[in-house]
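Residue 1324 is where the sequence shown starts when you use my numbering, and the numbers rise one by one after that.
Using N, Cα and C, we set each Cβ at its ideal position, and we do this for glycine too.
All values derive from a computational prediction rather than experimental measurement.
Here's the structure we're looking at; comments come further down.
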Amino acid sequence: MPFKHDSTGIDPMNTMPLMPDGWYTLKIMEAEEQKSKNGNDMILCKCRPVNEPNYQEIEIWHYVVFIPKGNKGDGISVWFRKCIEVPYGGNDVIDADDWVGKKFKAYVVQSTYDGKTRNKIDRVESLNSKVEQDDNVPF
């Protein structure tokens, strides 16, 4: 059924508010098992900031790709799993459902891609570790 909507004066480039660059505690609200464009296993984490009343509605999508051993970046998924305190050190069974509700520290940045600016996760740390720039794994 048709309806009316008055868009007079609305900027088409107006999007959701963005979080300023910085360290935040994020919580994984949803986790979906997927395949990357290269066919690797991947988990899409839909995260929200914790204890940030001004940014509660912001959702940051973070893709964790399981890169085969020996390839560049193969340790990134290991580091992320260590930070969210799920099995990470061996021949582990990965279940995205186990990731839901996990919290971690993330350095969030504003990134522009395809003409759109969004928040993305640049680095992660465990909630139990001290944030030290030299020890962070970049994403």
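So what's residue i in DSSP terms, helix, strand or just coil?
| i | result |
| --- | --- |
| Asp1415 | coil |
| Ile1351 | strand |
| Pro1372 | strand |
| Phe1403 | helix |
| Asn1442 | strand |
| Asp1364 | strand |
Shortest alpha-carbon distance to residue i belongs to which of the options?
| i | options | result |
| --- | --- | --- |
| Ala1354 | Asn1414, Ile1383, Asn1363 | Ile1383 |
| Phe1427 | Gly1398, Lys1395, Gly1413, His1385 | His1385 |
| Val1373 | Met1352, Val1387, Pro1343, Ser1359 | Met1352 |
| Asn1442 | Asp1329, Thr1331, Pro1343, His1328 | Pro1343 |
| Ile1399 | Thr1331, Lys1439, Asn1451, Met1365 | Met1365 |
| Cys1537 | Ala1419, Ser1330, Arg1446 | As displayed, the chain neither begins before 1324 nor continues past 1462, which places residue 1537 out of reach and without an answer. |
| Lys1358 | Cys1370, Lys1439, Thr1331, Ala1419 | Ala1419 |
| Leu1367 | Leu1349, Glu1375, Glu1356 | Glu1356 |
| Gly1424 | Val1401, Leu1341, Glu1380, Lys1350 | Lys1350 |
| Lys1293 | Pro1340, Glu1380, His1328, Thr1331 | The question about residue 1293 has no answer, for the chain in this structure spans 1324 to 1462. |
| Arg1371 | Val1409, Lys1360, Trp1346 | Trp1346 |
If you follow the beta strand (DSSP E) that residue i is in, where does it begin and where does it stop?
| i | result |
| --- | --- |
| Ile1383 | 1383 to 1388 |
| Phe1427 | 1426 to 1436 |
What's the call for residue i, buried or exposed, on a 16-neighbour Cβ count within 10 Å?
| i | result |
| --- | --- |
| Phe1326 | exposed |
| Met1324 | exposed |
| Ile1333 | exposed |
| Asn1394 | exposed |
| Gln1456 | With a pLDDT of 46 at Gln1456, under the threshold of 50, the modelled position of that residue is not reliable, and the figure given next carries that caveat. Exposed is the call here. |
| Val1388 | buried |
| Phe1448 | It is Glu, not Phe, that sits at residue 1448 in the sequence shown. Glu1448 is buried by the Cβ-count criterion. |
| Val1431 | buried |
| Tyr1378 | buried |
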